[in-house]
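Novice: This note's numbering puts the first residue of the sequence shown at 3, with every later residue one more than the last.
Idealized CB from N, CA, C, for every residue including glycine.
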Amino acid sequence: MKPFSLLIKPAGADCNLRCKYCFYIDHLGGGEKAPRMSDDVLKAIITSYMRTNQNNNYSFGWQGGEPTLMGLKFFKKVIELQKKFGPPGASVSNGLQTNGTLITDEMAKFFGEYKFLIGVSLDGPPELHDYYRKALGQKPTHALVMRGIEHLRRNKVEFNILILVNDKTVQKASEIYQYFRKKGFFYQQYIPCVEYDGNGNLQKFAITGDQWGTFLCEIFDNWIKEDIYRVSIRLFDSILEYLVYGKYNVCYMGNNCCQYFVVEHDGGIYPCDFFVRDDLLLGNVKTGTWEEFSSSPIYNFFGRQKSEWNAICGSCPFINFCHGDCQKHRFGAPNTPRTLSTLCRGWKKFYAHALPYFETLAKKIRVERNIQSSNPIKSTKIGRNAPCPCGSGKKYKNCCMK
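(1) Taking just the CA atoms, how far does residue 58 sit from residue 43?
(2) Within 10 angstroms of the Cβ of residue 303, are there 16 or more other Cβ atoms? Answer buried if so, exposed if not.
(3) Where are the beta strand (DSSP E) runs, 3 residues long or more, that stay fully inside the region 55-89, in chain order?
(4) What first and last residue would you give for the beta strand (DSSP E) that runs through residue 99?
(5) Does the distance from the CB of residue 105 to the CB of residue 70 come in under 8 Å?
(6) Based on the DSSP secondary-structure assignment, which residues constitute the bridge partners of residue 123?
(7) Quick one: residues in its chain with C-beta nearer than 7 Å to the C-beta of residue 314, no 5 flanking neighbours on either side, listed in chain order?
(8) What is the DSSP secondary structure of residue 159, counted as helix, strand or coil?
(9) Touching or not, the region 156-169 and the region 45-53, by the rule of three or more beta carbon pairs under 8 Å?
(10) Does the contact criterion of 3 or more C-beta pairs under 8 Å hold for the region 218-233 versus the region 256-269?
(11) Within its chain, find whatever has a CB closer than 8 Å to the CB of residue 349; leave out the 5 residues flanking it on each side and keep chain order.
(12) Kindly indicate which three-state DSSP category residue 173 falls into: helix, strand or coil?
(13) Classify residue 231 as buried or exposed, calling it buried when 16 or more other Cβ atoms lie within 10 Å of its own Cβ.
(14) Counting pairs of beta carbons, one from the region 65-81 and one from the region 12-26, are three or more of them closer than 8 Å?
(15) Is the beta carbon of residue 82 closer than 8 Å to that of residue 119?
(16) Out of curiosity, what's the CA-to-CA distance linking residue 41 and residue 271?
(17) In angstroms, rounded to a whole number, what distance separates the CA positions of residue 38 and residue 141?
(18) From this set, 218, 185 and 180, which residue's C-alpha is nearest residue 172's C-alpha?
(19) Please list the terminal residues of the continuous alpha helix (DSSP H) segment that includes residue 296.
(20) Looking at C-alpha atoms only, which residue of 127, 130 and 242 is the closest neighbour of residue 367?
(21) Given residue 93, which residues of its chain have a CB within under 8 Å of its CB, disregarding the five upstream and five downstream residues?
(22) Near residue 143, which residues of its chain fall below 8 Å by C-beta distance, leaving aside the five closest residues on each side in sequence?
(23) Spatial neighbours of residue 378 within its chain, please: C-beta separation below 7 Å, excluding the five flanking residues on both sides.
(24) With the cut-off set at 8 Å, would you say residue 207 and residue 23 are in Cβ contact?
(25) Confirm, please, whether the CB-CB distance from residue 397 to residue 388 is below 8 Å.
(26) How would you label residue 158, buried or exposed, when you count the other beta carbons within 10 angstroms and need 16 or more for buried?
(27) Which residue marks the beginning of the alpha helix (DSSP H) containing residue 213, and which one marks its end?
What follows is the structure, encoded as structure tokens:
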């Protein structure tokens with residue numbers, strides 16, 4: 003069984019905010035009892051996972067909803083169990099994705115002591131962040147997030163900024179980038195907002211492929227000027243990781259979706275956070291084993307669907323960088339996996355514009371680190387007079403080469 007990581011949702015979809023674009027919004031406020039992970043389920047997760055052969059490296063991701071709703075006592079129990087059941091010499095990593103509004107100084111001190119890596123959702127300056135990210139009663143949250151970040155900084159906790167690129171922020175790439183730069187937020191992850199209604203149409207707060215491509219190109223143009231050794235952008239790091247080492251460190255770039263497991267608050271196991279559906283339930287951590295989940299026909303069918311991409315993808319010069327993109331962005335997947343990604347045009351525009359620079363950077367890194375490239379990467383260089391891969395109909399030299 004190949005190594006895998008866990009994405010655990012101890013409070014399910016429950017959250018103290020009501021962000022309009024959240025894909026869990028329909029699950030909130032229904033009057034039902036708030037979901038919370040029991041001690042029995044938590045113990046079953048940690049003990050069973052740490053019995054598997056992970057090359058002595060165990061990766062726990064805590065997500066939601068909002069995982070800090072569980073309180074500090076819950077995460078103290080997590081560390082207690084990891085210490086008790088971890089094999090000798092085990093390397094254990096904990097990541098936590100949060101809206102940041104509930105982080106106290108005491109909580110931050112604990113996260114710092116046990117080296118949690120925190121991802122904080124922040125969509126930019128107040129007027130952009132607060133447009134959609136509101137608390138109950140439609141109250142703005144930017145100031146609350148900044149308070150949480152100050153607690154993290156004071157306690158020397160490593161954190162990244164997670165930016166959801168929606169219909170408002172997609173128009174403000176340079177403004178957002180420079181805002182984070184001035185704030186000293188040098189670890190950034192940009193996440194496209196792609197949500198559909200029941201008919202497969204994009205929601206009003208979602209973005210189009212063209213918008214995504216333009217946004218990424220603008221972020222890249224800001225970054226390449228003077229920040230390549232200063233600002234870490236997860237997408238850019240992942241591209242260089244592939245070009246230098248031939249490895250994928252983000253799931254959507256690979257050609258198979260069997261990479262991690264989602265564990266819900268009740269112990270239910272699913273193949274992906276975007277596909278927590280009854281027909282994709284693999285079992286329960288209290289009654290099944292990771293070997294059974296890994297060999298499940300449902301899990302492996304889901305994973306293989308990633309490479310069942312649209313026919314157009316087969317001739318794309320950038321196929322090695324997305325393999326048809328995340329299944330979430332192909333509306334209807336995994337039942338109709340050959341649907342072209344909503345973001346396809348954007349990815350093409352971005353890679354046509356930025357990849358030549360990344361290839362130069364990768365070559366420099368290999369020389370500096372004396373790395374012999376065994377990566378069978380086909381050149382993605384495009385002729386100056388060739389049609390631009392972004393689909394504009396213009397020649398490359400007059401379009402994304404600029």
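Specialist: Considering the structure as presented:
(1) Near 22 Å, if we compare the C-alpha coordinates of residue 58 and residue 43.
(2) By the neighbour-count rule (16 or more Cβ atoms within 10 Å), residue 303 is not buried but exposed.
(3) DSSP runs (the beta strand (DSSP E)) wholly in the region 55-89: 59-64.
(4) Segment 93-100, the beta strand (DSSP E) holding residue 99.
(5) In this structure, residue 70 lies closer than 8 Å to residue 105 by Cβ.
(6) Residue pairing of residue 123 in beta bridges, as defined by DSSP: 164.
(7) So the list reads 342, once near-sequence residues are dropped.
(8) In the structure shown, the three-state DSSP call for residue 159 is coil.
(9) Judged by Cβ distances under 8 Å, the region 156-169 makes no contact with the region 45-53, as fewer than three pairs qualify.
(10) Proximity of the region 218-233 to the region 256-269 falls short of the contact definition, fewer than three beta-carbon pairs being nearer than 8 Å.
(11) Closer than 8 Å at the Cβ level, and outside the excluded window around residue 349, lie 211, 214, 215, 320, 323, 324, 327 and 343.
(12) Three-state result, residue 173: helix.
(13) Label assigned to residue 231: exposed.
(14) When C-beta atoms of the region 65-81 are compared with those of the region 12-26, three or more pairs fall below 8 Å, so the two segments count as touching.
(15) No, the Cβ-Cβ distance between residue 119 and residue 82 is not below 8 Å.
(16) Straight-line Cα distance between these residues: approximately 17 Å.
(17) For the pair residue 38 and residue 141, the Cα-to-Cα distance works out to about 25 Å.
(18) Of the listed residues, the one whose Cα sits closest to residue 172 is 218.
(19) Element bounds for residue 296: 292-296.
(20) Answer by Cα proximity: 242.
(21) So the qualifying residues of the chain are 58, 59 and 60.
(22) For residue 143, where only same-chain residues beyond five positions count, the Cβ hits under 8 Å are 19, 101, 103, 131, 132, 135, 136 and 137.
(23) Residue confidence is low: residue 378 scores 46 on pLDDT, short of 50, so the model does not pin down where it sits. No coordinate-derived value is stated.
(24) Cβ distance < 8 Å, so residue 207 and residue 23 count as in contact.
(25) With contacts defined by Cβ atoms closer than 8 Å, residue 388 and residue 397 form a contacting pair.
(26) So residue 158 counts as exposed.
(27) That run of the alpha helix (DSSP H) goes 211-228.
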